[in-house]
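Participant: Under our numbering, the first residue of the sequence shown is numbered 168, with each subsequent residue one higher.
Okay, handing you the structure first.
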Amino acid sequence: MKPISLSTGRYALVLGLGAGIGAGLAARAGQTGNSGPWWVLFAISLAAMVLAAVATGFVMRFAASRFIQKASTRDRIAAGLTGTALVVLVLFGQKWIPGFSARTAAVVSIPLGLAAGFVLAELAVRVRSTGTLIAGVLFALFAFFLLRPDAPRGGAPGAGGDENELPPGTLAAIESGRAELLLDEAPVPAVVVIGWDGAAWKVLRPLLERGMLPHIARLLDGAAWSELGSMAPNWSPVIWTTIWTGKSPKEHGIRWFLEDQGHVIPGFQQPAELPATFPVQRFADLFFERRSVPVTTNMRRVKAVWNIANDTGIPVGLTNLLVSWPVEEVLGFEISGHMKFYPDLDGLVHPPEEQEATIRALLNNDWALEDAPGLIPTPWLANVYRSEVNLFRESLRLLEKNPAYLYIFYTHSLDSSQHRYWKYHAPDEFSFAVAEDGVETFGDVIEQNYVIYDRLLGEMMTAFPENTTYMIVSDHGITANKTLDRDIPAMAGLEEKPEVDPELVSGKHSKQDPGILILKGPGIEPGEVRDADVYDIAPTILALLGLPVPDDMAGRALEEVMTPSFLAAKPVLRSGTYEGASPRGSRAIATEHDDEMKERLRALGYID
Ligand SMILES: [Zn+2]
Numbered sequence: 168m169k170p171i172s173l174s175t176g177r178y179a180l181v182l183g184l185g186a187g188i189g190a191g192l193a194a195r196a197g198q199t200g201n202s203g204p205w206w207v208l209f210a211i212s213l214a215a216m217v218l219a220a221v222a223t224g225f226v227m228r229f230a231a232s233r234f235i236q237k238a239s240t241r242d243r244i245a246a247g248l249t250g251t252a253l254v255v256l257v258l259f260g261q262k263w264i265p266g267f268s269a270r271t272a273a274v275v276s277i278p279l280g281l282a283a284g285f286v287l288a289e290l291a292v293r294v295r296s297t298g299t300l301i302a303g304v305l306f307a308l309f310a311f312f313l314l315r316p317d318a319p320r321g322g323a324p325g326a327g328g329d330e331n332e333l334p335p336g337t338l339a340a341i342e343s344g345r346a347e348l349l350l351d352e353a354p355v356p357a358v359v360v361i362g363w364d365g366a367a368w369k370v371l372r373p374l375l376e377r378g379m380l381p382h383i384a385r386l387l388d389g390a391a392w393s394e395l396g397s398m399a400p401n402w403s404p405v406i407w408t409t410i411w412t413g414k415s416p417k418e419h420g421i422r423w424f425l426e427d428q429g430h431v432i433p434g435f436q437q438p439a440e441l442p443a444t445f446p447v448q449r450f451a452d453l454f455f456e457r458r459s460v461p462v463t464t465n466m467r468r469v470k471a472v473w474n475i476a477n478d479t480g481i482p483v484g485l486t487n488l489l490v491s492w493p494v495e496e497v498l499g500f501e502i503s504g505h506m507k508f509y510p511d512l513d514g515l516v517h518p519p520e521e522q523e524a525t526i527r528a529l530l531n532n533d534w535a536l537e538d539a540p541g542l543i544p545t546p547w548l549a550n551v552y553r554s555e556v557n558l559f560r561e562s563l564r565l566l567e568k569n570p571a572y573l574y575i576f577y578t579h580s581l582d583s584s585q586h587r588y589w590k591y592h593a594p595d596e597f598s599f600a601v602a603e604d605g606v607e608t609f610g611d612v613i614e615q616n617y618v619i620y621d622r623l624l625g626e627m628m629t630a631f632p633e634n635t636t637y638m639i640v641s642d643h644g645i646t647a648n649k650t651l652d653r654d655i656p657a658m659a660g661l662e663e664k665p666e667v668d669p670e671l672v673s674g675k676h677s678k679q680d681p682g683i684l685i686l687k688g689p690g691i692e693p694g695e696v697r698d699a700d701v702y703d704i705a706p707t708i709l710a711l712l713g714l715p716v717p718d719d720m721a722g723r724a725l726e727e728v729m730t731p732s733f734l735a736a737k738p739v740l741r742s743g744t745y746e747g748a749s750p751r752g753s754r755a756i757a758t759e760h761d762d763e764m765k766e767r768l769r770a771l772g773y774i775d
């Protein structure tokens, strides 16, 4: 076998570099809104590229002169398998192997580059005369892969395209101006959606049987209900954004609890968004820290049901939603979920002139606790009850001033308590004996959390008109964390800074743990609903508002829960889109509380 000419490596190197530079320039030119100076990003990308090119060129020469001529078929297969194993290790190792850091991955990339070089050289030898050309082309493709442009992100923070101008022909433009028609005859609020994070029938049903949830029982009488299918990835901010938008995580842009914003380069205030290809990212990981920021409202790329309602003239009220900071400039009002933790932030209440009064009402009011003597087993739960009742009562004040047709109230505490206290709620589900004094102290935290929600529901049903339509929805259920094999005592309460220990998280959830759906109102047909999942919620809310369901939502409006007279008055129509021409969505907004927020997420076992 004729050995490869030494010039092949150099030729491929030149070709690859040329292609890399071209691709890098194209990437930078096509990318708007990048927070770092383009030349720094470009220099880093190019450096990574050059490193890869030099390594590959060197290996091609080395392999051609020293190795290939002598290698047996078995050696080549072994080398190929080793290369493949290394690829798998680097690509997935970080996720699978504890302690496998970005730095380790970068080091492992070196033998990986050698394996790639071996394959290229082998190919060049085999095809002889055209080998140089093929190696060059392959290398150019590789270079472009390294530096290819990221998906463009449009829109200024919070703006989300031009909100005031509805593109002609979209559903919002066709439907705009409905509010007057609706509000004249409808109760305020007409549709109330209550989000209970993590609520599950398997906990609810026994409590209902024991008569502990009288208001939920009253709502269920004559209601439609369902085991609501959840989704993957099973992270609350992701699922709730799907619930409110009817879109997949890929479409709506909320992928996790945090957004990885890229590398922090000394001397520059904003982190740099390097091309999202694996080797470039790994190379940069060697030298720069990454910054991650909790997800914020402005990241959402598509409209939520309240944006659609607003576009058609329907006012809304939003309280305590999971991804709700900064608040949106809704027609109606919104209180951010950040309110109870970070009252010093801006953007907690819309309209903004209400922020001060709202903060005052929420922080300086102890009415809730006086209502509930003996109800609360732990200080943490007492705090939950206090803040949730206060939030609702403050919402009523804003609702009075800003009548809303659609009102949404979300609360998260149930998910937290189920994660932390599941082994005390269901000690039999674990392979080890759960400490009895723990069961004694914490055994009813989860139950009492449901009782709190029941009380709040009762308060809502008293405050709102008779003919209001209710929807209660949860994003997933809960199950025992079977990976635990021993008992670790829980902290007295989550308000004390807990040690970071994943073994404290005894409840977990996945796509296999269904949430709940309850619907009750004058237009609702009672009975069990089958095959409903989180994608069906946004279409169903739109149908309940009498708005067409757009074609670009994957789910369906649950027509079987609507009475014939409701459907005669508001037939479920399906067509078009509500989305504007310009894409929404921008980078998460960093705040000084980010570390604190991450600490809270970590304590609950949501992030590592
Ligand atoms: Zn959740």
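Note that the Cβ used here is the ideal one computed from N, Cα and C, for glycine as well.
Using DSSP with H/G/I as helix, E/B as strand and the rest coil, what is Gln679?
Facilitator: It is coil, neither helix nor strand.
Participant: Mind pulling the beta strand (DSSP E) runs of 3 or more residues that sit fully within the stretch 335–418?
Facilitator: Runs found: 358–363, 391–395.
Participant: Count the other CB atoms, across all protein chains shown, that sit within 10 Å of the CB of Leu714; report buried if there are 16 or more and exposed otherwise.
Facilitator: Leu714 should be labelled buried.
Participant: Here's a check: name, in chain order, each residue in its chain whose Cβ is nearer than 6 Å to the Cβ of Val462, leaving out the five neighbours to either side.
Facilitator: If we look at Val462 and ignore the five residues flanking it on each side, its Cβ neighbours are Pro404, Ile421, Glu426, Val490, Ala755.
Participant: Can you name the residues that DSSP bridges to Ile685?
Facilitator: Paired residue(s): Trp392, Ile639.
Participant: What beta strand (DSSP E) runs, 3 residues minimum, are completely inside the stretch 477–529?
Facilitator: List check, beta strand (DSSP E) in window: 483–488, 499–503.
Participant: Return the chain-ordered list of same chain residues with a C-beta closer than 6 Å to the C-beta of Ala528, the five sequence neighbours on each side being excluded.
Facilitator: Taken in chain order, the residues that qualify are Glu561.
Participant: Opposite Leu425 in the DSSP bridges: which residues?
Facilitator: According to DSSP, Leu425 bridges with Pro461.
Participant: For Leu573, does the three-state DSSP call read helix, strand or coil?
Facilitator: DSSP places Leu573 in strand when its eight states are reduced to three.
Participant: Which term fits Gly336, buried or exposed, when burial requires 16 or more other beta carbons within 10 angstroms of its beta carbon?
Facilitator: So Gly336 ends up on the exposed side.
Participant: Mind checking whether the beta-carbon of Ser343 lies closer than 8 Å to any heavy atom of ligand 1?
Facilitator: The answer is no for Ser343.
Participant: Ligand 1 heavy atoms versus the CB of Asp364: any closer than 8 Å?
Facilitator: Answer for Asp364: yes, Cβ within range of ligand 1.
Participant: Skipping 5 residues on each side, what residues in its chain have a beta carbon closer than 6 Å to that of Gly690?
Facilitator: Closer than 6 Å at Cβ, skipping near neighbours: Met729, Thr730, Phe733.
Participant: Under a Cβ-count criterion, where at least 16 other Cβ atoms within 10 Å of its own Cβ denotes burial, should Ala439 be classed as buried or exposed?
Facilitator: It is buried - the Cβ of Ala439 has at least 16 other Cβ atoms within 10 Å.
Participant: Take Asn634 and list the residues in its own chain whose beta-carbon comes closer than 6 Å to its own, dropping the five residues that flank it on each side.
Facilitator: Answer for Asn634: Pro354, Pro689, listed in chain order.
Participant: From this set, Tyr588, Val716, Phe508, which residue's C-alpha is nearest Leu771's C-alpha?
Facilitator: Taking only the C-alpha atoms, the option nearest Leu771 is Tyr588.
Participant: Taking Cβ to Cβ, would you say Tyr572 is nearer than 9 Å to Ala471?
Facilitator: Not a contact, by the Cβ cut-off of 9 Å.
Participant: When the Cα atoms are used, what is the spatial distance from Ile685 to Ile575?
Facilitator: Straight-line Cα distance between these residues: approximately 14 Å.
Participant: Count the other C-beta atoms from every protein chain shown that fall within 10 angstroms of the C-beta of Ala367, then say buried if there are 16 or more, exposed otherwise.
Facilitator: Per the 10 Å Cβ criterion, buried.
Participant: Per DSSP, what are the beta-bridge partners of Glu692 in this structure?
Facilitator: The partner list for Glu692 (beta bridge, DSSP) is empty, contrary to what the question assumes.
Participant: For ligand 1, is there any heavy atom lying closer than 8 Å to the beta carbon of His430?
Facilitator: Because no heavy atom of ligand 1 lies under 8 Å away, the Cβ of His430 does not count as near it: no.
Participant: For Ser403, is the beta carbon positioned less than 8 Å from some heavy atom of ligand 1?
Facilitator: Yes, ligand 1 has a heavy atom inside 8 Å of this Cβ.
Participant: Report all residues from its chain with a CB closer than 7 Å to the CB of Phe599; omit the five preceding and five following residues, and keep chain order.
Facilitator: Closer than 7 Å at Cβ, skipping near neighbours: Asp652, Arg653, Asp654.
Participant: With DSSP as the reference, please indicate the residues paired to Arg741 in a beta bridge.
Facilitator: Arg741 is bridged to Val716.
Participant: Taking the straight line between their C-alpha atoms, what separation do you get for Ser393 and Glu695?
Facilitator: Their backbone Cα atoms lie some 6 Å apart in a straight line.
Participant: Assign Gly772 to one of three DSSP states: helix, strand, or coil.
Facilitator: Correct three-state label for Gly772: coil.
Participant: Is the stretch 501–514 touching the stretch 478–490 in the sense that three or more CB pairs, one from each, lie closer than 8 Å?
Facilitator: Enough Cβ pairs lie closer than 8 Å, so yes.
Participant: Pair every Cβ in the stretch 334–353 with every Cβ in the stretch 611–631, then say whether three or more of these pairs are closer than 8 Å.
Facilitator: With a cut-off of 8 Å, the stretch 611–631 and the stretch 334–353 do not count as touching, because too few Cβ pairs lie within range.
Participant: So, is the C-beta of Trp392 closer than 9 Å to a C-beta in chain C?
Facilitator: Considering every chain present, this structure includes no chain C. It has just one protein chain.
Participant: Excluding sequence positions up to five away, which residues of its chain have a Cβ less than 6 Å from the Cβ of Asp775?
Facilitator: Hits under 6 Å: none found.
Participant: Taking a contact to mean a Cβ-Cβ separation below 9 Å, would you say Pro482 touches Asn569 in this structure?
Facilitator: In contact: Pro482 and Asn569 (Cβ atoms closer than 9 Å).
Participant: Let's test the definition: count the other Cβ atoms within 10 Å of the Cβ of Asn501 and tell me whether it reaches 16, buried, or not, exposed.
Facilitator: Note that residue 501 corresponds to Glu in the displayed sequence, not to Asn. Looking at its Cβ environment, which holds 16 or more other Cβ atoms inside 10 Å, Glu501 is buried.
Participant: Report yes or no: do three or more beta-carbon pairs, one from the stretch 708–723 and one from the stretch 735–748, lie closer than 8 Å?
Facilitator: Yes, the stretch 708–723 is in contact with the stretch 735–748.
Participant: Tell me the DSSP secondary structure of Ala451 in three-state form.
Facilitator: In this structure, Ala451 counts as helix in the three-state DSSP scheme.
Participant: Using C-beta distances below 7 Å, list every residue in its chain close to Pro706, excluding the 5 sequence neighbours before and after it, in chain order.
Facilitator: If we look at Pro706 and ignore the five residues flanking it on each side, its Cβ neighbours are Gly413, Val716, Met720, Gly722, Arg723, Ala724.
Participant: Quick check on Gly752: does DSSP put it in helix, strand or coil?
Facilitator: Coil, per DSSP.
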